[in-house]
Amino acid sequence: MRIKDFIWPVIGFGAVAVSAWLLYNEWREISLDDVWSGLAAIPLHGWILSALSSAVAYAALAGYDHIALLHLRKRVSWFFVTVCSFTTYALSHNIGGSVFSGAVIRYRAYATKGLNGQDVGVLVGICWFTFVLSSVFVGAVVILLEPGLLDRYTEGSHEGWWVALGIAMLLAVAAYIFGSWLHLKPLAIRSFRLYYPSLPIVARQLIIGPLEILAAAAIIYFALPTENNPGYLIVLGIFLISFAVAQASHAPGGLGVLEVVFLTGLPEMDPATVLAALLVFRLFYLLIPLVLGIAAVLAFEHSQFGRSGKLDER
């Protein structure tokens, strides 16, 4: 096997091991009974709102693919795109290395709709960039509204630097919008043309992308108790940090990474209740979608097998 065939899994599981060690140091004084009590203490409306937030998040994720296909000017049925997007993210979030794993899943699905490898590559790139753009945009707004957020991970107060960072992030988003307004020429690489997204596409990116992030963070927020809760904006900011670290680590499902970042970022809250809220997040955002995603893949492959069988009979 070539190195690139196993380097990312090695990095991912290495990140899990390091995170597990850090989590062990954080969790030594927390009993499983305390975590179970934290789960039991979540009110019914908290469970319902967390579940609804997960549904909104995955609906918005489907919008990523719709945006990319609109940019590519490819017509694929709304239902197929929604199921494909759901399956892609349900599996890639759990597998890790979401850009690479998501590309494989999307290519298998969209190839049946006439998209070639180049089209799928652009689609994956747009989906990835929509998430990054949205994270930068939402992160900038959170930093400017809560400049003390990042001090939770540093020693001392550096609010002035964080405000400058937030402004720089907003300027980067503004520059991207301005580039679309200028109608920049496409990037040419031999016969390949990469076109700059139009303003309507950019507008969709800055609506649907942030909606997904806001909904995903809300899953955790609604599962947290009100006691010592720093508020939704802080939870949202910590979620963005944890998700960025999890993506960079390539840890499957961000295993251990999310927990370490949240426990560090919410020192005022009972660690057991924080872990309980993260278990709710993993249930609604990772585990249940994973089961449904596997079922969707099996159904798709069964349909393709049946179709190929009929063609062979002819």
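Counting the sequence shown from 1 gives a position; our numbering is that position plus 1259. Yeah, the Cβ is synthetic: ideal placement off N, Cα and C, and Gly gets one too.
For V1315, the closest C-alpha among the options S1394, G1297 and F1345 is that of F1345. With a cutoff of 8 Å on beta-carbon distance, L1429 and A1476 are scored as not near each other. The Cβ-Cβ distance between L1458 and W1440 falls below 8 Å.
Excluding sequence positions up to five before and after G1425, its CB lies within less than 6 Å of the CB of A1399, I1402 and L1403, all in the same chain and listed in chain order. Under the criterion of beta carbons closer than 8 Å, L1328 and V1340 qualify as touching, at roughly 7 Å. Remark: C-beta atoms of G1496 and L1408 approach each other more closely than 8 Å. DSSP, reduced to helix, strand and coil, places L1441 outside both helices and strands of the structure shown, so it counts as coil. Contact check between the stretch 1471-1487 and the stretch 1409-1424: fewer than three CB pairs, one atom from each, fall below 8 Å, which does not count as touching. The beta carbons of S1296 and F1481 sit about 18 Å from each other, so the pair does not count as a contact at 8 Å.
For R1452, the secondary structure class from DSSP, reduced to helix, strand or coil, is strand.
Relative to L1537, the option among L1303, S1309, H1304 and P1302 whose CA is nearest is S1309.
In this structure, the beta-carbon distance from L1320 to Y1366 does not fall below 8 Å. Apart from sequence neighbours up to five positions away, the residues of its chain that approach I1493 with a beta-carbon distance below 7 Å are E1405 and L1408, ordered along the chain. In this model, F1521 and E1527 are separated by some 11 Å (Cα to Cα).
Where I1460 is concerned, the enclosing alpha helix (DSSP H) starts and stops at L1458 to A1482.
At least 8 Å separates the beta-carbon of Y1435 from that of P1445. With respect to the 8 Å criterion, F1396 and V1432 are classified as neighbours on the basis of their beta carbons. Here DSSP, grouped into helix, strand and coil, assigns L1525 to coil. Beta-bridge analysis with DSSP links L1446 to L1453. Put simply, the backbone Cα of Q1506 is about 30 Å away from that of R1334. Nearest in C-alpha terms to A1300, of all of G1552, V1539 and G1380, is V1539. Between the alpha carbons of I1553 and G1415 lies a gap of roughly 47 Å. Taken through DSSP and simplified to helix, strand or coil, E1405 comes out as coil. Contact check for A1535 against V1294 passes: the beta carbons are separated by less than 8 Å. The three-state secondary structure of S1393, taken from DSSP, is helix. Distances from the alpha-carbon of G1305 to those of I1547, I1478, T1523 and T1532 put I1478 closest.
The beta carbon of G1524 sits closer than 6 Å to those of R1411 and I1497, all from its chain and outside the five residues before and after it, given in chain order.
Spanning the alpha carbons of I1385 and A1555 requires a straight line of approximately 24 Å. Annotation for F1543: S1309, A1310, S1313 and I1478 place their beta carbon closer than 6 Å to its own, counting only its chain and skipping 5 residues before and after. Distances from the alpha-carbon of Y1317 to those of E1471, F1390 and A1558 put E1471 closest.
In the three-state reduction of the DSSP assignment, V1383 falls in the helix class, which pools H, G and I.
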